[in-house]
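Engineer: Numbering (the UniProt record's numbering), first residue to last: 1 to 611.
#1: If you draw a straight line from the C-alpha of residue 110 to the C-alpha of residue 276, how long is it?
#2: Name the two residues that bound the continuous alpha helix (DSSP H) containing residue 233.
#3: In three-state DSSP terms, what is residue 513?
#4: Can you check DSSP and say which residues form a bridge with residue 267?
#5: If I'm right that residue 436 touches residue 479 with Cβ under 8 Å, what's the distance once you round it to whole angstroms?
#6: Among 590, 595 and 570, whose alpha-carbon lies nearest the alpha-carbon of residue 582?
#7: Quick one, which of 255, 426 and 304 has its alpha-carbon nearest residue 267's?
#8: According to the neighbour-count rule (16 or more other Cβ atoms, all chains shown, within 10 Å of its Cβ), is residue 612 buried or exposed?
#9: Identify, in the order they occur along the chain, each residue of the same chain with its Cβ nearer than 6 Å to the Cβ of residue 463, setting aside the five sequence neighbours on each side.
#10: On the three-state DSSP scale, how would you describe residue 604?
#11: Taking the C-alpha atoms as reference points, what is the distance between residue 289 and residue 400?
#12: Are residue 398 and residue 355 closer than 7 Å when you measure CB to CB?
#13: With distances taken Cα to Cα, identify the nearest neighbour of residue 529 among 548, 569 and 540.
#14: List the whole-angstrom C-beta distance separating residue 300 from residue 445, where the pair is believed to meet the contact cut-off of C-beta under 8 Å.
#15: Can you tell me which of 95, 224 and 94 puts its alpha carbon nearest to the alpha carbon of residue 256?
#16: With a threshold of 16 other CB atoms inside 10 Å of the CB of residue 371, please say whether the residue is buried or exposed.
#17: Which residue marks the beginning of the beta strand (DSSP E) containing residue 345, and which one marks its end?
#18: Closest to residue 525 by C-alpha separation, out of 541, 417, 457 and 550, would be which residue?
#19: Determine the direct distance from the alpha carbon of residue 465 to that of residue 515, and round the result to whole angstroms.
#20: Taking buried to mean at least 16 other C-beta atoms within 10 Å of its own C-beta, is residue 497 buried or exposed?
#21: For a test of the three-state rule: what should DSSP assign to residue 203, helix, strand or coil?
#22: If the criterion is Cβ atoms closer than 7 Å, does the pair residue 612 and residue 559 meet it?
#23: Starting from residue 439 and walking both ways along the alpha helix (DSSP H), at which residues does that stretch end?
#24: Which two residues bound the contiguous beta strand (DSSP E) that contains residue 568?
#25: Among residues of its own chain, excluding the 5 on either side of residue 89, which ones have a beta-carbon nearer than 7 Å to its beta-carbon?
#26: Please classify residue 287: does DSSP put it in a helix, a strand, or coil?
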């Protein structure tokens with residue numbers, strides 16, 4: 001942000017110097033050439049007041065001098081707002097109060113083009129002349145000492161953001177509204193060019209920023225709220241357009257709304273394309289939109305357009321390190337909105353993958369060759385994750401941790417990852433093996449760390465189970481091992497392409513409750529398991545869980561002698577080892593066939609003192 005601000009600071013400061021040196025002469029001359037009718041002293045225009053150094057209203061003169069300064073600190077408000085609201089639409093919503101402040105507009109509207117149609121996306125009021133339907137929007141009031149508290153509503157709500165100002169001073173050209181028991185009492189502050197001293201505002205003053213998220217407000221249906229001819233003329237000519245009562249107009253909006261003294265519409269153009277426009281109006285002073293005010297408004301819009309492009313690129317860059325899907329789960333639209341301690345809990349599916357013998361493999365390469373190899377491998381096996389609706393939470397060197405919102409997508413991604421690995425092995429004449437574990441359940445997603453170093457992570461027993469399943473795949477010579485919840489969720493929805501084999505009940509390292517685990521493989525894979533071998537494995541598990549260790553041991557050893565399938569042999573070997581241990585050790589009274597595993601996935605006695 002400091003770099004971006006420095007990039008634009010010179011332009012703003014140069015404009016300030018030029019404006020101060022000219023002392024608003026351009027705006028005064030333009031006003032003199034276009035204004036031929038004099039008004040009462042109470043309605044003297046802002047430009048005329050600038051020319052008169054002997055104004056009878058000291059307050060007005062002071063106010064105009066402050067406005068002419070266009071101080072850098074005021075422009076900084078735009079940068080602060082833009083830091084909070086990063087995408088294009090949100091940036092322009094956030095600068096509406098700033099445009100109102102520097103142009104003396106009572107009302108600012110943001111109109112953006114979508115599908116060749118123009119919609120009203122936001123509306124800022126420095127006063128509350130217009131009546132809002134309470135069914136269309138909700139009103140949220142927040143306390144603030146000085147500035148507007150901008151907030152981005154959720155997509156399902158329409159919100160008016162209000163600021164409460166507890167100071168005893170007020171900004172001229174604003175209407176102060178006190179809300180008490182849902183009743184609005186409105187007091188209008190007069191124009192600074194009049195000879196009437198500004199009234200003391202109530203203790204609670206409000207300004208409104210309305211955003212329309214729930215309704216597609218097509219402007220063609222808002223002729224009673226917007227000057228459609230002026231807006232479409234701006235979009236067609238790609239130049240700012242003005243309108244005042246003195247100039248006259250055939251616009252029905254202005255003839256019906258005599259309170260609109262001045263109107264201005266400025267196009268929003270990016271890369272030679274008109275994206276929409278900003279409509280400004282003042283209800284008190286004619287000719288208020290002088291050349292200088294138009295210039296500063298265009299400058300603010302120009303900065304916002306450039307910053308929106310830059311921030312979009314920054315956000316995309318951050319997405320490579322912090323997945324945008326993770327932000328969405330936390331309810332954040334941008335990485336800058338992440339705060340330490342942000343967290344949610346929800347049910348998700350966790351996928352862990354790991355390369356067998358990665359350390360030994362990397363020792364054969366130099367540093368550059370090793371990173372080149374792993375990146376080339378990830379380019380093959382990672383895309384199926386995003387393709388199936390998941391996202392990578394972490395890349396752990398030789399492993400991947402990914403999150404999915406549903407188990408079916410996770411299993412489909414795992415199967416595709418194995419298929420892509422086979423393609424990679426053929427292309428590179430290598431034999432890389434990958435183990436995958438999948439589990440689902442409640443997870444806690446959030447941010448950890450401290451102010452200078454934040455990280456997004458998942459903390460849950462579900463992630464530990466998925467990691468243990470991945471580690472156990474080595475013992476079973478399996479590719480994919482999943483928990484029972486995954487199998488129930490996918491429901492064998494595609495038995496023609498998927499083969500699911502029940503592995504048994506296991507108490508994983510660090511756990512006290514058993515998990516039913518399953519092997520998942522594609523039927524189109526090479527070296528498939530025959531139906532006969534599947535029935536033998538099912539019988540071995542059944543015998544063990546019923547405590548018939550002798551029969552289970554005999555069948556397991558006999559199967560090992562007659563099979564050449566690594567998975568079948570490994571599973572029979574694990575159960576043979578378990579039978580040797582469990583037939584000579586104590587078991588719980590209500591034992592249901594679970595096997596307690598060590599950290600390395602080896603069977604061990606149920607009770608520690610039996611070891």
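Glycine included, every Cβ here is placed at the ideal spot set by N, Cα and C.
Structural biologist: According to the structure shown:
#1: Between residue 110 and residue 276, the C-alpha separation is close to 8 Å.
#2: 228 to 237
#3: Three-state result, residue 513: coil.
#4: 277
#5: 6 Å
#6: 595
#7: Answer by Cα proximity: 304.
#8: With the chain covering only 1 through 611, there is no way to say anything about residue 612.
#9: 350
#10: coil
#11: 58 Å
#12: When the beta-carbon positions are compared, residue 398 and residue 355 come within less than 7 Å of each other.
#13: 569
#14: About 37 Å separates the two Cβ atoms, so there is no contact after all.
#15: In terms of CA proximity to residue 256, 224 leads the group 95, 224 and 94.
#16: exposed
#17: 343 to 355
#18: With distances taken between Cα atoms, residue 525 lies closest to 417.
#19: 9 Å
#20: exposed
#21: Low per-residue confidence applies at residue 203: pLDDT is 42, beneath 50, and the placement is therefore not dependable enough to give any value.
#22: For the chain, the structure presents residues 1 to 611; residue 612 sits outside this window and is missing.
#23: Not the alpha helix (DSSP H): residue 439 falls in the beta strand (DSSP E), residues 434 to 450.
#24: Here residue 568 belongs to no beta strand (DSSP E); instead the alpha helix (DSSP H) covers 566 to 582.
#25: 112 and 121
#26: coil
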